[in-house]
Amino acid sequence: MERIPILKMGDLLLVTIQVDMHDRLAMTLQDDLTGRIVKDRARGVLIDISALDIVDSFIGRMISNTAAMARVLDARTVLVGMQPAVAITLVELGLTLHGVRTALNVEKGIALLQRLAD
Amino acid sequence: MSLAMTGHLAKILNENQEALLEGWLGGMMSRMVRRDKAAEADIRQQATRFIPQVVKAVEKGQTYDFDAPAWSEVRQQLSEMSAARVRQGFSPTETATFIFSLKEPVFALLRQTLSDDPSALATEVTETGALFDRMGLFTVEEYQRGREQVIMRQQQELLELSTPVVQLWKDVLALPLIGTLDSARTQVVMENLLQKIIETGASIAIIDITGVPTVDTLVAQHLLKTVAAARLMGADCIISGIRPQIAQTIVHLGVNLEDVITKATLADAFLIALKRVGATVTRADQAN
Chain A
5 MERIPILKMG DLLLVTIQVD MHDRLAMTLQ DDLTGRIVKD RARGVLIDIS ALDIVDSFIG
65 RMISNTAAMA RVLDARTVLV GMQPAVAITL VELGLTLHGV RTALNVEKGI ALLQRLAD
Chain R
1083 MSLAMTGHLA KILNENQEAL LEGWLGGMMS RMVRRDKAAE ADIRQQATRF IPQVVKAVEK
1143 GQTYDFDAPA WSEVRQQLSE MSAARVRQGF SPTETATFIF SLKEPVFALL RQTLSDDPSA
1203 LATEVTETGA LFDRMGLFTV EEYQRGREQV IMRQQQELLE LSTPVVQLWK DVLALPLIGT
1263 LDSARTQVVM ENLLQKIIET GASIAIIDIT GVPTVDTLVA QHLLKTVAAA RLMGADCIIS
1323 GIRPQIAQTI VHLGVNLEDV ITKATLADAF LIALKRVGAT VTRADQAN
């Protein structure tokens, strides 16, 4: 079964989404991620979507939910690498992903998480 | 349309090309407001080309129906001419005069040739008149179309010109908006801003609306959309240049700008932005 890899970087977890999301994959990712946050005692999660050209309302909601779940487990989530076209589409769809922090790229995302942790 | 009738016009035009041309040009020049040598030469050349084309169209098509395929070359010449005149700044009247001043000499010739057949003359005059009216209208229509193309091109240029994104500092962008924001412009503004955020890696963008004359709910919504899109890319937005009247309007309209940092002037917004990126500005004499 295909899985989205979760990389550990210190006390951060990095998730890079490169394939089209569907229900099963999203559920698996949420299972894996919540499990890893607890197991690795992660304080922050980076979700990199720079490889996605299309983000629909489903993925948008999935990201919001994942961020909310991480928050319950005391880990901050930063969404990084969104393409301009994706940002415009999400805004037009009315999905502004409230409560999810964003950064331009992974580097800035890590800096933001470190600032938040201080 | 019968052969005999269309025959008259073609014959008259063909046999009297020189005389017609002179009469036509004379009539046209007397009505022209602007006259210079270059324009005269242009018109003479267009007129010289036009008469044989009409003759050809009448002979080939055997019809006065201007929309018939036989007239396509005439139509093309007229539309080229109208387009050229739009660029040269002629008025619609001047453009249509090109066709209408041909009427008089043609009618004079018809009267001469058909003087002994009044009923044929009457028919021919009506038909020819209708044809020339149609050609004149076509010229004006083409002129109008040329104008519209110019307007559309200018709109496009305006759209591209009026939305610059400038970098004020490392990680700080400014977007001075001038003029009313509609959906099309917002789209361009948003795309430019997001592209620039990627290029420069900026973390703060200042949207300055000093040059936006009025803010209604639609404009406010467009602004909020731009802010939301920038936020999704990881950049915070500050809206600056809010005039007192606009502040009042925003509150009266019930627009919620609470999630956005707003400042009265660009200078204030810039200070906040500098603080956010960790830069400070001091006067040289105080620093020493």
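Chains as they are written, first to last, in my numbering: chain A, 5 to 122; chain R, 1083 to 1370. Where is the CB? At the ideal position from N, CA and C, for every residue including glycine. Nothing here was measured: the structure is a model prediction, and the numbers come from that model.
Could you confirm whether any beta carbon from chain R is found closer than 7 Å to the beta carbon of Val95 of chain A? So yes, Val95 of chain A belongs to the interface.
Using DSSP's beta-bridge definition, name the partner residues of Trp1071 of chain R. Since the first residue shown for chain R is 1083 and the last is 1370, residue 1071 of chain R is missing from the structure and cannot be characterised.
Assuming Met13 of chain A is part of the beta strand (DSSP E), what are its boundary residues? Ile10 to Met13
Below 9 Å on C-beta distance, what does Thr81 of chain A contact in chain R? Going along chain R, no residue has its Cβ under 9 Å from Thr81 of chain A, so there is no contact; the nearest lies around 13 Å.
Residue closest to Val90 of chain A, alpha-carbon to alpha-carbon, out of A:Asp36, A:Leu18, A:Val59 and A:Leu11: A:Val59
Between the CA atoms of Thr20 of chain A and Pro9 of chain A - distance to the nearest angstrom: 7 Å
According to DSSP, simplified to helix, strand and coil, what is Leu108 of chain A? coil
Provide the residue span of the alpha helix (DSSP H) that contains Arg1157 of chain R, from first to last. Ser1154 to Gln1170 is the span of the alpha helix (DSSP H), which, as asked, contains Arg1157 of chain R.
Once you ignore the five residues that flank Ser1197 of chain R on each side, which residues in its own chain have a CB closer than 8 Å to its CB? Leu1203
Can you name the residues of chain A whose CB is closer than 9 Å to the CB of Gly1316 of chain R? Val82, Leu83, Val84, Gly85, Met86, Arg105, Thr106, Ala107, Leu108, Asn109, Lys112, Gly113 and Leu116
What is the rounded straight-line gap between the Cα of Asp1147 of chain R and the Cα of Gly98 of chain A? 56 Å
Rounded to the nearest angstrom, what separates Glu111 of chain A and Lys12 of chain A at their Cα positions? 15 Å
Give me the Cα-Cα distance between Glu1281 of chain R and Met86 of chain A, rounded to the nearest whole angstrom. 13 Å
Return the CA-CA distance between Leu1184 of chain R and Val1294 of chain R, expressed in angstroms with no decimal places. If you draw a straight line from the Cα of Leu1184 of chain R to the Cα of Val1294 of chain R, it is about 52 Å long.
Where Ala1150 of chain R falls: helix, strand or coil (DSSP): coil
Going by C-alpha to C-alpha distance, which of R:Leu1348, R:Ala1310 and R:Ala1312 sits closest to Arg1325 of chain R? R:Leu1348
Residue-chain proximity (Gln1303 of chain R, chain A), Cβ-Cβ < 7 Å: Nearest CB-CB separation between Gln1303 of chain R and chain A: not below the 7 Å threshold.
For Leu117 of chain A, which residues from the same chain have a beta carbon less than 8 Å from its beta carbon, with the 5 sequence-adjacent residues on both sides left out? Cβ within range, chain order: Leu16, Arg47, Gly48, Leu50, Arg80 and Val82.
Chain-ordered chain A contacts of Glu1273 of chain R [CB-CB under 8 Å]: Pro88 and Ile92
Any chance the stretch 1298-1318 of chain R sits against the stretch 1258-1268 of chain R, with 3 or more Cβ pairs inside 8 Å? yes
Ignore the nearest five residues each way along the sequence and tell me which others in Leu1356 of chain R's own chain have a CB closer than 6 Å to its CB. So the list is empty, once near-sequence residues are dropped.
Assuming Ile1094 of chain R and Thr1195 of chain R are in contact, meaning their beta carbons sit under 8 Å apart, how far apart are those beta carbons, in whole angstroms? 6 Å
Tell me whether Gly1316 of chain R sits in a helix, a strand or coil according to DSSP, three-state version. coil
Going along chain R, which residues have a C-beta under 8 Å from Thr100 of chain A? Ala1310, Arg1313 and Leu1314
Just verifying my parser: in three-state terms, what is the DSSP assignment at Ile1343 of chain R? strand
Could you list which residues in chain A have their beta carbon closer than 8 Å to that of Ile1320 of chain R, in chain order? In chain order: nothing, as chain A lies at least about 16 Å away.
Taking only three categories from DSSP, how would you classify Asp1290 of chain R? strand
When you compare only the Cα positions, how much space is there between Val84 of chain A and Asp57 of chain A? 14 Å
Kindly list the residues whose CB is nearer than 7 Å to the CB of Lys43 of chain A, restricted to its own chain and excluding five residues on each side of it in sequence; keep chain order. none
Simplified DSSP state of Val84 of chain A, which is helix, strand or coil: strand
Which residue's Cα is closest to the Cα of Ile1321 of chain R: R:Ile1332, R:Ile1288 and R:Gln1303? R:Ile1288
Check for me: the alpha helix (DSSP H) holding Leu1348 of chain R runs from which residue to which? Leu1348 to Val1359
If you reduce the DSSP assignment to three classes, tell me which class Asp52 of chain A lands in. Three-state DSSP puts Asp52 of chain A in a strand.
Helix, strand or coil for Thr20 of chain A? Go by DSSP, reduced to three states. DSSP places Thr20 of chain A in strand when its eight states are reduced to three.
Name, please, each residue of chain A whose Cβ falls closer than 7 Å to the Cβ of Lys1138 of chain R. Within 7 Å Cβ-Cβ: nothing; Lys1138 of chain R doesn't reach chain A, min ~54 Å.
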